[in-house]
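Remarks on the structure that follows.
Number of protein chains: 2
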Amino acid sequence: MQTRSPQKRRTVTRNSLIAAACDIVAENGFGALRVEDIVARAKVAKGTFFAHFEDKDRLMALLIGQEMDAVLQKIDDAPPPQTIAELAQAIIPLMDYIGQDRIVFDVVLRFSGAAAIETTEKISVNFLKQVHLYARWLVAMPPDQIRGDVDPGLLAEGIQAFMIQVIALRFCALHNSVSTTDRLLPYLVAWLGPVRSQQ
Amino acid sequence: MQTRSPQKRRTVTRNSLIAAACDIVAENGFGALRVEDIVARAKVAKGTFFAHFEDKDRLMALLIGQEMDAVLQKIDDAPPPQTIAELAQAIIPLMDYIGQDRIVFDVVLRFSGAAAIETTEKISVNFLKQVHLYARWLVAMPPDQIRGDVDPGLLAEGIQAFMIQVIALRFCALHNSVSTTDRLLPYLVAWLGPVRSQQ
DNA sequence: CCCCTAAATTGACCGCGGTCAATACAGGAA
DNA sequence: TTCCTGTATTGACCGCGGTCAATTTAGGGG
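Pasting the structure below:
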């Protein structure tokens, strides 16, 4: 028994599934995404969906990964931040995207941790990219803005940790008036800021 | 239409539901917890379950909250850590509990963010307790061990952020040899450590 | 051109969380 | 004791994610 290369109708089907899902998300958000609706739009049977994606979460991770990619690219295209405040400002779009919806946040969290491992999940690759971008920013910043006693890679990972913390808080604090930036900045100042005299 | 005080059979039913759920978790873990099994054990109808708990997650949050409470209490009873390394060591049991199971971690994350808000969820209250405990530790530590330029409350919240980051990583990095402490410590040293000379 | 086999697709089916109109019950008032 | 009203419980039912044995189709070899 030998294996053959995938037929081209496979990719056609796959693409129409993705397209259908994209449409539904665009129209009604991730919360309204049903596998049965996706396959109905794509004019395939339900089983076909699961022949292409392990589960619904994987498909969502794919869509979210694409979007995050675009957001990240846009951030990367802008001039790099020169201060911690600018850095906090720069990553706001990403936080807004991830924090737009509990479901998005959950999916991101589930797959983000895999960043350290080799994987096919686009969303994980994105998290790696993110860390690299932050690390690049940090080493390019004026030395008086950033502490020099910690590895930039570790600092970059820390930014992620705080980002997630702030977003998680946002979901529970609906009646909360403090903005995302205002929550994030104190962490980043303390985490990234240069050595200061003891109080 | 006026309201009456709850009847006592209500609490009886509620307790038997909780007890049944506890048994199942003890026997087969959270992954094997089914509402239908719980109600079968508790000898009530399915609908009754949802008259007592908003959804399955809430019940799990309750059980997990109880367990976390016990773990936290034990940590609190021990002598407070005198160094960052000791601190990292001290919170290992909590991380082990949260990180024992993907489901536990998910539930914890979902309800932990509410720590800053007034709420009935025991699990959230626990997260508040946690922050307070850490803050207490930090102010009691020898000044040469801890940076003095940042509010202990903020530092305590940061510990949580890093804890979650490390646990999230653990789930994706099954073939990873680095231990939990080894992952956490670098973050904590950089986050909590006293001001050092620039590199 | 047909045949053969692995790839692709199908849809009936299942498990399980969650709902709700109907019913039974507790316990205070008369 | 009886009635009455809000509380507690019931279980048939639904929605939706996910499975799998059966079926169709692509496309290379003879």
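These protein sequences, in sequence, are chains X and Z. Under my numbering, the residue at position 107 of the first sequence is numbered 682, and the numbers go up by one with no gaps. Under my numbering, the residue at position 191 of the second sequence is numbered 766, and the numbers go up by one with no gaps. Every residue gets a Cβ at the ideal spot worked out from N, C-alpha and C, and that includes glycine. These numbers come from a predicted model, not from an experiment.
- Annotated three-state conformation of V646 of chain Z is helix, per DSSP.
- Within 10 angstroms of the beta-carbon of E602 of chain X lie fewer than 16 other beta-carbons, which makes it exposed.
- Proximity to T586 of chain Z across Z:T623, Z:V714, Z:D598 peaks at Z:T623, based on C-alpha coordinates.
- The DSSP-derived three-state label of A665 of chain Z is helix.
- If the five residues before and after F605 of chain X are omitted, its C-beta is found closer than 7 Å to the C-beta atoms of M635, D676, I678, V679, all from its own chain and listed in chain order.
- Sequence-distant partners of T588 of chain X (beyond 5 residues in either direction) whose C-beta falls short of 8 Å from its own C-beta, in its chain, are A617, V619, T623, H627.
- Shown here, D598 of chain Z sits in a helix according to DSSP, grouped into three states.
- Put simply, of Z:Y672, Z:V682, Z:P718, Z:Q648 the residue whose alpha carbon is nearest the alpha carbon of I659 of chain Z is Z:P718.
- Shown here for S687 of chain Z: same chain residues with a beta carbon closer than 6 Å to its own, the five before and five after excluded, namely F702 in chain order.
- Interface annotation, A765 of chain X: in contact with chain Z, CB-CB separation under 8 Å.
- For D612 of chain Z, the uninterrupted alpha helix (DSSP H) run begins and ends at 610-617, by DSSP.
- For the pair L708 of chain X and K649 of chain Z, the Cα-to-Cα distance works out to about 41 Å.
- About 6 Å separates the CB atoms of M670 of chain Z and T755 of chain Z; that is less than 8 Å, so the two are in contact.
- Neighbours of S754 of chain Z in chain X, taken as residues whose beta carbon is under 9 Å from its own, are absent, since the nearest beta carbon is some 14 Å off.
- Inter-residue distance for N590 of chain X and L759 of chain Z is about 41 Å (C-alpha atoms, whole angstroms).
- Pairing I639 of chain Z with V600 of chain Z, the inter-Cα distance amounts to about 10 Å.
- For F624 of chain X, no Cβ of chain Z is located within less than 8 Å of the residue's own Cβ.
- In the three-state reduction of the DSSP assignment, G606 of chain Z falls in the helix class, which pools H, G and I.
- Only residues of its own chain outside the window of five on either side were considered, and among them W712, A715 have a CB closer than 7 Å to the CB of P655 of chain X, listed in chain order.
- Taking 8 Å as the cut-off, the Cβ atoms of A731 of chain Z and A710 of chain Z count as close.
- DSSP places G723 of chain X in no alpha helix (DSSP H); its state is neither H nor E.
- Take the alpha-carbon of Q664 of chain X and the one of D757 of chain X: they are about 10 Å apart.
- Proximity of chain X to L684 of chain Z at the Cβ level (cut-off 8 Å) is accounted for by L684, A743, in chain order.
- Membership of S687 of chain Z in the alpha helix (DSSP H) is indicated by the continuous run 677-687.
- Here the alpha carbon of R722 of chain X sits roughly 29 Å from the alpha carbon of G674 of chain X.
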